[in-house]
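Data block below; observations after.
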Amino acid sequence: MHWRRCCQVWRYGHNWTADPLAQGTWANLRPGQAALLPDLIQVEGQVFFAGADIALGWRGYIDGAIESGIRAARQVRKIFK
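Everything in the sequence shown is counted per my numbering, starting at 1 for the first residue and increasing by one.
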């Protein structure tokens, strides 16, 4: 393997736990905690919960955020219809 001095390797990382605006990263569920998700997505009065970390599928990814947002929007529409 040959190294070319003219080339630089760039890398970037971010400490989300130390970030004062994020204060952490994605949810990391312990064994058995996923069974509690149906309770976490229940409507509380006029408060609706949505987000990638409480999605029923693809938890922690944009796909989960979209799924969760659609589910919450349907709950809103059903209650305020």
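Yeah, the Cβ is synthetic: ideal placement off N, Cα and C, and Gly gets one too.
Treat the numbers as computed from the prediction; the structure is a model and nothing was measured.
- Contact annotation: A27 and F48 have beta-carbon atoms that are not nearer than 7 angstroms.
- Rounded to whole angstroms, T25 and W16 show a C-alpha spacing of 6 angstroms.
- In the three-state reduction of the DSSP assignment, V47 falls in the strand class.
- Ranking Q46, K81, I62 and P20 by CA distance to the CA of A52 puts I62 first.
- Considered as a whole, the segment 15-44 harbours 37-40 as its complete alpha helix (DSSP H) runs of no fewer than 4 residues, in chain order.
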